[in-house]
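Structure first, then comments.
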Amino acid sequence: MVKEYRINTRKREIKVREINENELEFGGRGLIAKIMSEEVEPKCDPLGAENKFIVCTGLLAGTSVPTAHRLSVGGKSPLTGGIKESNSGGGAGGALARQGIKMLIFEDKPADGEWSILVIDKKGNVELKDAGQYIGLNNYKLVELLKDKFGDDIEVISIGVSGERGYKNSTLQVTEAVTGYPARALARGGMGSVLGSKKIKAIVISDPEVKYEREFADKEKYNKANQKLKNYMRESEETKRLNRVGTMFNVDANAPSAALPVRNFRGEFFEDVDKIDSEAMVKKLNENGGKSGIPCQKGCLIGCSNIYNDKNGNYLTSGLEYETVAMCGANCDIANLDYLAEISRLCDDIGLDTIETGSTIAICMEAGKIEWGDKEAALGLIKEMKEGTKFGQLLGQGTEIVGKELGVERIPTVKGQSLPSFDPRNQKGMGVTFATTAMGADHTTGITLVIEGMDNMRNTTQVVLSSVMQSSSATADNMMCLFGWFSLLGSEYIVDVLEGIYGGEWDMERVIGIGVRTIMMENEFNKKAGFTKEDDRLPDFFYKEKSPATGAVFDISQEEISKVYDNLLVKSVIIY
Amino acid sequence: MIFDITPNPVIIFGEGAALRTGKRMKEMGCKKVICITDKGIKNAGILEKVAENVRNAGLEVVEFDGVLPDPPDYKIEGCAELAREEGIDSVIGLGGGSSMDTAKCVNILLTNPSPISQYYGPSGVQKETALVLIPTTAGTGSELSIVSVVTDIENKRKSGCVGPAFLPDLAIIDPELTLGLPPAITACTGMDAFSHSAEAITSGVANPVADMEAEKAISLICNNLPRVVKDASNIEARTAMSLAASLGGVSGIKDSMVHFGHSLAHTMGSMYHNVPHGVFCALVIPEVIRDNAQVVPEKVKLIGEAMGLEMADNMSPREIGDKVAGAIKDLNNEIGIPSIEEIGIDESAIKDIVKIAYQDETAIFAPEKLSYDHALKILMRVFEG
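As given, the protein sequences belong to chains H and W, one line each in that order.
Everything in the first sequence is counted per our numbering, starting at 18 for the first residue and increasing by one.
Everything in the second sequence is counted per our numbering, starting at 24 for the first residue and increasing by one.
This is the structure in structure tokens:
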């Protein structure tokens, strides 16, 4: 039995309930969708008392399946006004599982404005403690002080000043394996401000004295299947590629087709791509004593992260990612990895989504507020967000609001959320995913770049590809890291693993069905929140402006896009 | 019947397709490209648009805007010399038939010895460097043909090279590039495409594959050429014409072969340089097809049907010829093709034209071997109007 904690932040009451984890239908993203559907008024104020902030683990939590301890948080997003699940690696998911905790649900909203931290101690006691001394701190210092107080063997989920101030681009940061720094981001949708609205600065999870052992329906079957799964994952090309350079391979993959966003999604080639590609990063890592192939959570075989040091060889950031490099780099006409690593660190510290931030900076460049490629000015904007100047507070509201305020026409958002770094004209399946997912423009909900040699500039097959990858990704988000999941594509070991854990009969239809039902719940929530098919659309300029590098426009009709969730399970299972 | 079809190059077709030039050439491994065009294309800003696109993809571009109509051999040699000096590894032909044909020859001369004249006629010469052709008119079909027409200055005649090496590696057909064409050029280039198609169907080397391509081309031309002549900015009709021109090129100058219509047009073109090739095609094709109806009436009937004419089962060859020729003349009139008198060619030239034309390389592809007298009769009808 695992525990569900409900923390009423107004009454400061904590209630615990035991759940038979082997009866759970969903984990992670699906579990969040279920709770949101059952308990939260879809039209509620995301930063009000009616919204809930949910932290939970996935269906494989407590097992040794690689990447099983992906952590999910969710609620209604202040950025999109729709349902939001954001997930991350790091150590917190594993720590919750060792504590035997499935879920933390933060409810209501304190009237007095007193800040707290939630502390789960070594004995498994869960308590709200005064956070006074930590308020106003950003994540790196905060974690340092929390470790001073509670010991080094804690994992922390926290917000920086961005979450305190209600920024719609605010993240939650999670401490990671290897470095212990708060370098993992629950990045999208401004969820940091939802926890902030409940006046919770951090969640501290101690390593328990007695580790919770989860139940298995058939441990022997599980062990055998998991061994096969691990062998397959270890040998997969996806694992090898990610281990080598992490997500930065996307620069190499996307730049030649002008899918790498350049100067606020101009659809151009990036002339300085060789300064920010994976080769450039590997060179930098070697020069400054950094390293790639780093796991962010224990037991991960993939190790997509990296440690990026400054010129003096001192740690600067970990997990310098494609999205950061693309959105804060090429999309702002900046090609300098040291600078981008500094941005990565600063954003993690303050708690800013680097996708939303990069896009917002590009919008300021588009508006002429600062010059294209002006690194110092871009850094200055981030510092304004850190300091909370008037303009900084506007920037914290995200790309769409800033764009409208500055009178910009080309605002690359869907459902209020910035497009991640794939130009949808030149990667059309990604465009379908961005347009349709309940999350607002989000790449992790359906990465369509999975078929080698496929021309993703064509408009054919891209809708069905998005359909299949959306259900696949939603399934992954119920149980493990997306990269772990991708490394298993082509195998069905997960079926035996789930039978070993949960018992009963499983097949891929049942597995993928988890993701499909998750999507259906999310879509239903958004529908009740007021979203319509009209919202499933990319910004106009992608339909009208030809990408100068390829001549492509986004030319998939709304009628076709509207079919993305039709017969989702059937489509997905046929493909598998 | 045994026929063989030379494979098409890779084709990228559609509005904005020219913007994919740099990306595709980079993928092909090209590093330094010569972009061959004429002053008109340069002045229209099309050269800069394509060159910039290629440069942005990381390739070096050398621009050559010296192409002349009915490309003379010395211009080709000059351009080839420049390309060799510059260490070019790939060639773009951007423009109408003259630019594309110049580019085809320059590409051959990059890795084969000059002069180009040694490759006239059917040629087994090989090309080693990448050739990309981007038409800016909808007519010549050169982007998908195995022929490069060259004006042999010394002998004052149009000649040409024929062979698979004169097909590009990549044809990029972007109807947007044709938007700026004036009505007169639109009309005559469109009739060039019509002639390719109609001659392909009646050719001595006609075959079902080429018939299919040519019938579609004819249908597209009849439905769309008057529209684009009236409204130059009609992109839908422009797109249809670009497709028709490419199909015309494929059928008439690759899968099947043009014949006496083009023999006459080539000859007249080499004598009257100020008149576009397509005008001659338009003027002679009704009479060539009328004549063909005596030899291959069923094939001329196909042309009529593709034009949307009612062709009754019991029509005589003469009736078929008259009906189709009449309809082509009507089309000429509708789109404003000038008459023989209007372009100022005197009847006294007829014999000189026929003497050369009936020995033109393409004349052998006529559905039956033409005697001088027979050829003369056809051209006289053209002058009768």
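Glycine included, C-beta positions come from ideal geometry on N, C-alpha and C.
In the structure shown, the three-state DSSP call for D572(H) is coil.
With fewer than three CB-CB distances shorter than 8 Å, the segment 345 to 358 of chain H does not count as touching the segment 208 to 227 of chain H. Scanning its chain for C-beta atoms nearer than 7 Å, with the 5 sequence neighbours on each side dropped, one finds around V232(W) the residues I28, D278, in chain order.
In terms of CA proximity to I578(H), S483(H) leads the group I36(H), S483(H), Y157(H), S488(H). A straight line joining the alpha-carbon of M538(H) with that of W502(H) spans about 22 Å. Taken through DSSP and simplified to helix, strand or coil, K150(W) comes out as coil. Residue range 133 to 137 is occupied by the beta strand (DSSP E) that includes I134(H).
The residues A41, I69, I157, P158, T159, in chain order, have a CB closer than 8 Å to that of L200(W) in the same chain once the five nearest residues on each side in sequence are set aside. Just so you know, the alpha carbons of C53(W) and G420(H) end up roughly 40 Å apart. Proximity of F286(H) to chain W, defined by a Cβ-Cβ separation below 8 Å, is satisfied. When P32(W), P390(W), I64(W) are compared, the shortest CA-CA separation from N230(W) is found for P390(W).
In this structure, G415(H) sits near N186(H), with a CB-CB distance shorter than 8 Å. Each residue's CA atom was taken as its position, placing P565(H) and E285(H) some 6 Å apart.
V281(W) sits away from F189(W), with the two beta carbons spaced by 8 Å or more. In chain order, P309 place their CB closer than 8 Å to the CB of G349(W), counting only its own chain and leaving out the 5 sequence neighbours on each side. Judged by DSSP secondary structure, V191(H) falls within the beta strand (DSSP E) whose first and last residues are 189 to 191. Going by C-alpha positions, D327(H) is about 29 Å away from L88(H). Below the 7 Å Cβ cutoff, chain W contributes G39, A40, A41, L42, R43 as neighbours of G568(H), in chain order. The three-state secondary structure of G39(W), taken from DSSP, is coil. For E562(H), the three-state secondary structure derived from DSSP is coil. Counting the other CB atoms within 10 Å of its CB gives K60(H) a total below 16, which places it among the exposed residues. Inclusion of V262(H) and T453(H) in the CB contact set at 8 Å is not warranted, their separation being larger than that value. Around the beta carbon of Y510(H), 16 or more other beta carbons sit within 10 angstroms, so the residue counts as buried. If you draw a straight line from the Cα of F439(H) to the Cα of V342(H), it is about 12 Å long.
Proximity of chain W to S574(H) at the Cβ level (cut-off 9 Å) is not reached, the minimal Cβ distance being about 16 Å. Take the alpha-carbon of E541(H) and the one of G521(H): they are about 29 Å apart. Put simply, the segment 249 to 261 of chain H does not touch the segment 166 to 176 of chain H. Fewer than three CB pairs are less than 8 Å apart. In terms of Cα proximity to T163(W), the closest of S274(W), D88(W), I258(W) is S274(W). Around the beta carbon of L506(H), fewer than 16 other beta carbons lie within 10 angstroms, which makes this residue exposed. Taking CB atoms only, K563(H) has a neighbour in chain W less than 8 Å away.
With respect to chain W, the C-beta atom of P312(H) has no partner C-beta closer than 8 Å.
Contact between the segment 282 to 301 of chain W and the segment 90 to 104 of chain W is established, with three or more Cβ pairs separated by less than 8 Å.
Using a Cβ-Cβ cut-off of 8 Å, N76(W) is close to P565, A566 of chain H, given in chain order. The bridge partners DSSP lists for Q479(H) come to none. Among the residues facing chain H, A80(W) is included, as its CB has a counterpart in that chain under 8 Å away.
Below the 8 Å Cβ cutoff, chain H contributes P273 as neighbours of K49(W), in chain order.
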